[in-house]
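Participant: Numbering (the numbering used here), first residue to last: -2 to 450. Can you keep this structure in mind? I'll have questions shortly.
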């Protein structure tokens, strides 16, 4: 039987992780998850509540509880958790300040469909923290709040299109789920046009596509479409595709080119918000956008998103000229959690965030050192408590560079870690929370050594 190119690449770049044995071991320990997954497939489309969970290998695990840096599955297997529920749990699982706040609010009601004190109390905290925030408004998910931001940009500029970057994720709406994770063949075939991610999407989302960290690509987009571009939206750290930081001067360039062309600059801080710093990527990188979207960490594990922006733009929402609606917007349970979570994060101060960053760097450097010592070609890319590990020769500069990574090898690595009691995301992204301790990092690196042995 001929050796496939992927196998040849694996053999030339390092070892392996005994995937077959690891899978058998995981299956033997997770019978409860396996039976629940089979049962759920009979009633729940795909057996999961979001399609991203289908990529779990050998099957999605079912969990019963979490505490701090650990999560426990229905078979009572504990795991050190670096998924953090795909990002929201910046304080770890079940933080007592947050759960107590939710409990107090729960005793008074779950939702009102009317105003309550938590709405302005949380808004005041957001305005204090976020550099671009003169006013804020709420929704329940990152997808929703991005739509509010783009609608607002169209309204205040009178333009219909917007610029997004390859590999950047801004939710699952048709208008933004474009050129997210296309193959090189799809990129070449599209010849600069947006590539839909799935079937059934409307063919024209109004998106103009550019390459991350490529000034010429952005300049060409403005030269061709500048009169119709209402905004440039980006993840200021490309967390969803390789955790790629902005190249030196690139965010400054986006700030300049949007200002010169009458377009808004929108930071999608769904992941970076309250994670890279208390003031998010805006504070970390020193660039203030016109608008910014937040979710995940802002809700401390509850469904909450927010749009923050300069008053001259947000006034269009305040006046009702731009429609912003939603029955559960400003839900008191979510805002109780947000208020408590933000107060804890604020109390950490700059020193607390720097300590979190150093702990994440210790983990990141240890992963590289151990895997390289076992013959693997590996690199990491990111910023502080969010980074991506790839089996590739060099950190990526843009989305297309991420396609060189050996994804099957990472899947085997993640499976071996699962067998060792460490839970990681399937796409190579690692999140570190304030709940992770030095001991957790040591235990994780010991598990990596065993996985790579």
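Each residue gets a CB set at the ideal place from its N, CA and C atoms; glycine is no exception.
#1: Please tell me whether residue 120 and residue 333 are closer than 7 Å, where the distance is taken between their beta carbons.
#2: Run the CB neighbour count on residue 62, radius 10 Å, all protein chains shown included, and call it buried at 16 or more, exposed below.
#3: Would you identify the three-state DSSP class for residue 443, choosing helix, strand or coil?
#4: Would residue 22 and residue 340 qualify as a contact pair, given that the criterion is a beta-carbon distance under 7 Å?
#5: Any chance you could list the alpha helix (DSSP H) runs of at least 4 consecutive residues sitting entirely within the region 276 to 300, in chain order?
#6: For residue 165, tell me which candidate among 403, 30 and 269 has the shortest Cα-Cα distance.
#7: Compute the Euclidean distance between the alpha carbons of residue 347 and residue 200, then round it to the nearest angstrom.
#8: Please say whether residue 227 and residue 308 have beta carbons closer to each other than 7 Å?
#9: Where residue 462 and residue 94 are concerned, what is the direct C-alpha to C-alpha distance, given to the nearest angstrom?
#10: For residue 327 and residue 106, what's the separation of their Cα atoms in angstroms?
#11: Closest by CA to residue 205, which one among 366, 161, 211 and 239?
#12: Decide yes or no for the touch test of the region 260 to 269 against the region 280 to 295: beta carbon pairs closer than 8 Å, at least 3 of them.
#13: Go ahead and pull the three-state DSSP assignment for residue 160.
#14: Can you tell me whether residue 439 is buried or exposed, with buried defined as 16 or more other CB within 10 angstroms of its CB?
#15: Leaving out the 5 sequence neighbours to the left and right, which residues in its chain are closer than 8 Å to residue 123 when beta-carbon positions are compared?
#16: Check whether the region 353 to 370 touches the region 213 to 231, counting contact only when three or more Cβ pairs, one atom from each stretch, lie closer than 8 Å.
#17: For residue 441 and residue 77, which I take to be in contact (beta-carbon distance under 8 Å), what is that distance rounded to the nearest angstrom?
#18: State yes or no: is the C-beta of residue 266 nearer than 6 Å to some heavy atom of the ligand MG?
#19: Measure how close the beta-carbons of residue 89 and residue 432 come, nearest whole angstrom, since I'm counting them as under 8 Å.
#20: Ordered along the chain, which non-local residues of its own chain (more than five positions away) have a Cβ less than 8 Å from that of residue 103?
#21: At which residues does the alpha helix (DSSP H) containing residue 18 begin and terminate?
#22: Can you pull the DSSP bridge partners for residue 219?
#23: By how many angstroms is the C-alpha of residue 16 removed from the C-alpha of residue 32?
#24: Pull the bridge partners of residue 63 from the DSSP assignment, please.
#25: Would you grab the beta carbon distance between residue 418 and residue 75 for me? Rounded to a whole angstrom, and I think it's under 8 Å.
#26: For residue 13, which three-state DSSP category applies?
#27: Looking at the secondary structure, which residues open and close the beta strand (DSSP E) in which residue 77 lies?
#28: Please work out which residues of its chain come closer than 7 Å, Cβ to Cβ, to residue 185, disregarding the five sequence neighbours upstream and downstream, and give them in chain order.
#29: When you compare the CB positions of residue 52 and residue 393, do they come within less than 7 Å of one another, or not?
#30: Restricting to Cα atoms, I'd like to know which of 272, 171, 55 and 68 is closest to residue 437.
#31: Helix, strand or coil for residue 190? Go by DSSP, reduced to three states.
#32: Would you mind sorting residue 257 into buried or exposed? The rule is 16 or more other CB atoms within 10 Å of its CB.
Facilitator: Quick answer:
#1: As a position in the chain shown, residue 120 is number 123, starting the count at 1. As a position in the chain shown, residue 333 is number 336, starting the count at 1. Cβ atoms of residue 120 and residue 333: not closer than 7 Å.
#2: Residue mapping note: residue 62 aligns to position 65 of the chain shown, counting from 1. Exposed, by the Cβ-count rule.
#3: Translated into the one-based positions of the chain shown, residue 443 becomes position 446. Correct three-state label for residue 443: helix.
#4: Against the chain shown, residue 22 aligns to sequence position 25. Against the chain shown, residue 340 aligns to sequence position 343. Contact flag unset, no.
#5: 277 to 282
#6: Translated into the one-based positions of the chain shown, residue 165 becomes position 168. Minimum Cα distance to residue 165 is reached at 269.
#7: Start at 1 with the first residue of the chain shown, and residue 347 comes out as number 350. Start at 1 with the first residue of the chain shown, and residue 200 comes out as number 203. Looking at the two C-alpha atoms, the distance is approximately 45 Å.
#8: Here residue 308 refers to the residue found at position 311 when the chain shown is read from its first residue. Here residue 227 refers to the residue found at position 230 when the chain shown is read from its first residue. No, the pair does not count as a contact, with Cβ atoms beyond the cut-off.
#9: Because the chain spans -2 through 450 in this model, residue 462 falls outside it and cannot be assessed.
#10: Against the chain shown, residue 327 aligns to sequence position 330. Against the chain shown, residue 106 aligns to sequence position 109. Roughly 13 Å separates the two Cα atoms.
#11: Along the chain shown, read from residue 1 onward, the residue named residue 205 stands at position 208. Nearest C-alpha to residue 205: 161.
#12: yes
#13: Residue mapping note: residue 160 aligns to position 163 of the chain shown, counting from 1. Reduced to three states, the DSSP call for residue 160 is strand.
#14: Your numbering for residue 439 matches position 442 in the chain shown. Its Cβ having fewer than 16 others within 10 Å, residue 439 is exposed.
#15: Within the chain shown, numbered from 1, the residue matching residue 123 stands at position 126. Excluding residues within five positions, the ones whose Cβ falls inside 8 Å are 130, 133, 291, 295, 303, 305 and 339.
#16: no
#17: As a position in the chain shown, residue 441 is number 444, starting the count at 1. As a position in the chain shown, residue 77 is number 80, starting the count at 1. Confirmed, about 6 Å.
#18: You won't find the ligand MG in this model; it holds no ligand whatsoever.
#19: Walking along the chain shown from the start, residue 89 turns up at place 92. Walking along the chain shown from the start, residue 432 turns up at place 435. At roughly 2 Å, the Cβ-Cβ gap stays under 8 Å, so residue 89 and residue 432 are in contact.
#20: Against the chain shown, residue 103 aligns to sequence position 106. Contacts found: 330.
#21: One-based indexing of the chain shown puts residue 18 at position 21. Taken as a continuous stretch (DSSP letters only), the alpha helix (DSSP H) holding residue 18 covers 16 to 26.
#22: In the chain shown, counting from the first residue as 1, residue 219 sits at position 222. DSSP lists no partner for residue 219.
#23: Taking the first residue of the chain shown as 1, we reach residue 32 at position 35. Taking the first residue of the chain shown as 1, we reach residue 16 at position 19. Each residue's Cα considered, the two are about 22 Å apart.
#24: Translated into the one-based positions of the chain shown, residue 63 becomes position 66. Beta-bridge pairing links residue 63 to 68.
#25: By one-based count along the chain shown, residue 418 stands at place 421. By one-based count along the chain shown, residue 75 stands at place 78. Going by Cβ atoms, the distance from residue 418 to residue 75 rounds to 6 Å, so yes, they are a contact pair.
#26: The residue you call residue 13 lines up with position 16 of the chain shown. It is coil, neither helix nor strand.
#27: Taking the chain shown and counting its residues from 1, one reaches residue 77 at position 80. Taken as a continuous stretch (DSSP letters only), the beta strand (DSSP E) holding residue 77 covers 75 to 78.
#28: One-based indexing of the chain shown puts residue 185 at position 188. Correct list: empty, nothing qualifies.
#29: Here the question's residue 52 lines up with position 55 in the chain shown. Here the question's residue 393 lines up with position 396 in the chain shown. No.
#30: Translated into the one-based positions of the chain shown, residue 437 becomes position 440. Looking at the Cα atoms, 68 is the closest of the given residues.
#31: Residue 190 sits at position 193 when you count from the first residue of the chain shown. The answer is coil: DSSP assigns residue 190 none of H, G, I, E or B.
#32: The residue given as residue 257 occupies position 260 in the chain shown. Residue 257 should be labelled exposed.
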